[in-house]
Amino acid sequence: MHKILLSFAVILMTASGFAQAKKPTIMVVPSDVWCTKNGYMMKFDNQGTMVSIPDYKKAFQENSDLLLVIGKINTLMAERGFPLKDMGAVMKSLESESAENSMLTSKSGAGISESPIDKLKKVAKADIVMQLTWTINATGPKKSITFNLQGFDSYTDKQVAGAQGTGAPSFSAELPVLLEEAVLAHLDNFNSQLQKHFDDLFANGREITVRIKKFDSWTNDLESEFGGKELTDIIEEWMTANTVKGRFSTTDATENMMLLEQVRIPLYDASGKAIDARQFLKGLSDVLKKPPYSITNKLMTKGLGQAVIVLGEK
Amino acid sequence: MKLKLALFALVLATACAKKTNAVYYTYKTQCMSLELDGSQTLLSWGNGKDRADAVEQAKKNAISDVLFNGILEGKAGCNVKPLVPEVNARDKYDDYFNKFFADGGPYTAYLNLIDEKSHSREKKASNYSATYSVTVRVLQPQLKERLIADGILKQP
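Keeping their order, the protein sequence lines are chains A and B.
Under numbering that gives the first Met the number 0, think of the first position of the first sequence as 0, with each following residue one higher.
Under numbering that gives the first Met the number 0, think of the first position of the second sequence as 0, with each following residue one higher.
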């Protein structure tokens, strides 16, 4: 009887509370390393330079292990309350765009191109892209999985969370079971890193990169003066007024270009609508088009987190 | 004898509980429920020199989070979008909001303690100040009307 009372007293002393915070949306993809090892890479012409990028469509169509692994990670993350973006559905909506649309140019020829990966991220609009690498180790009759899980912010491509490890050797031959055994011990720590990053987004804004360029045909440049101020200073003043807590860094500024990094944009605009890099920079584009500047400009984007304004033409 | 043993265990557990300095930690406002008339019941935290001061600060924090941060913790349903989405609005309109949040200021008209259960306020240990939680109902529709009337929010 006194044992029961003692246990009851201890239980009363134990308090636990779990707050349900807003969680980032996740998209799980195989890593570039895994795609290269398994022969699922394709060539992409990035304005004259051939680059290798993962061919996710081929990987999903041909590799059944990939489907099992991605499905298992999706299940584990969903159990922990993270909304998921299904990569298969995203890729299907991408197929409806023609190859010609991947190249955006001005009417006089200058351009910026988006790789299929940038387009995938833009269509998926996931907050975090989880890249997974795994190898199966065999020690006699037992097997284990060594995995590397990386969480990347889809706007900046910066790694914000990571987990690596090897599961205990097991007689089980099924890949999802081995993977779950390996990943489970690390997943909660990984998720808390993701949540910390996401909480920072709400507090300090989302990070993007902004470039300002000019068309060669434009007679002015970024050092031209409007109302006694250089255009570079006018743009920086706009950034200070419109970024969260005035946070941005001018990494480079010449007469022909400006590079602004770690630009913290609010998650919602003044009307309460969720915004991305393009919608944020449209504000600057509109200000420059109107008097007293009256500078024609073209706004272009690369993925979710990079936006470019090119001055002088449309 | 057995009851005395149980009580002793209870006292021992309380005495051995680790003291933390709650003044160094920011407790986030949590959503408790969404009243279907637009108001929201929140659990907010405040820090002050005594209980009354801490409770008043908790009320201000609740309104501030509704206005500028959105309610991201607790149950789903409360507005995750801030009521004033304009970037850096707290700094832009600081004259207005400084008066709004002054002790006994206009903010008091937009919340009430109707949903608070008696003795539900949680205290966090601190050597330097008092940290308390309070359950408040924030009258969001009326708050929005006030901000539109004062020119902080645009007419929809």
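From the three backbone atoms N, C-alpha and C, an ideal C-beta is built for every residue, glycine too.
Give a yes or no on whether 8 Å exceeds the smallest Cβ distance from residue i to chain B.
i	result
Pro23/A	no
Gly304/A	no
Met102/A	Unreliable placement is indicated for Met102/A, whose pLDDT of 46 sits below 50; no coordinate value is reported for it.
Strictly below 8 Å CB to CB, what residues from chain B border residue i?
i	result
Met271/A	With the sequence shown as reference, residue 271/A is identified as Gly, and Met is not the correct amino acid for it. Chain B residues near Gly271/A: Lys80 and Pro84.
Tyr154/A	The contacting residues do not exist; Tyr154/A stays about 17 Å from chain B at best.
Phe43/A	Going along chain B, no residue has its Cβ under 8 Å from Phe43/A, so there is no contact; the nearest lies around 36 Å.
Phe201/A	Asn68, Gly69 and Leu71
Tyr323/A	Here chain A covers residues 0 to 313 and nothing more, so residue 323/A does not appear.
Could you tell me which chain A residues have their CB closer than 9 Å to the CB of residue i, listed as they occur along the chain?
i	result
Tyr97/B	First, the amino acid is wrong: residue 97/B is Asn here, not Tyr. Correct list: empty, because the minimum Cβ distance to chain A is about 18 Å.
Does DSSP put residue i in a helix, in a strand, or in coil?
i	result
Thr138/A	strand
Gly108/A	Note that Gly108/A scores a pLDDT of 41, beneath 50, so its modelled location is shaky and nothing firm can be said.
Asn97/B	helix
Gly161/A	strand
Gly104/B	coil
Leu71/B	coil
Ser171/A	coil
Thr145/A	strand
Ser63/B	helix
Thr242/A	coil
Leu33/B	strand
If we cut at 8 Å on Cβ distances, does residue i have a partner in chain A?
i	result
Leu71/B	yes
Asn111/B	no
Under 9 Å between beta-carbons, which chain B residues line up against residue i? List them in chain order, please.
i	result
Val243/A	Val86 and Asn87
State the beta-bridge partners of residue i as determined by DSSP.
i	result
Pro265/A	Its beta-bridge partners do not exist; DSSP assigns none.
Asn111/B	Arg136/B
Tyr131/B	Gly45/B and Lys122/B
Gly150/A	Met129/A and Ala160/A
Thr249/A	Leu259/A
Pro29/A	Leu131/A
Thr40/B	Ser32/B and Arg136/B
Met299/A	Val307/A
Ala273/A	Tyr267/A
For residue i, return the contacting residues in chain B, with the cut-off set at a CB-CB distance below 7 Å.
i	result
Pro82/A	In chain order: nothing, as chain B lies at least about 11 Å away.
Would residue i pass as an interface residue toward chain C - the criterion being a Cβ-Cβ separation below 8 Å?
i	result
Glu55/B	The structure shown contains no chain C; its protein chains are A and B.
Notebook entry, point to check: Which ranges would you report for the beta strand (DSSP E) in the segment 34 to 101 of chain A if only whole runs of at least 3 residues count?
Noted result: 40 to 45 and 48 to 53
Check: In chain order, which beta strand (DSSP E) runs of at least 3 residues are fully inside the segment 175 to 229 of chain A?
Finding: 205 to 213
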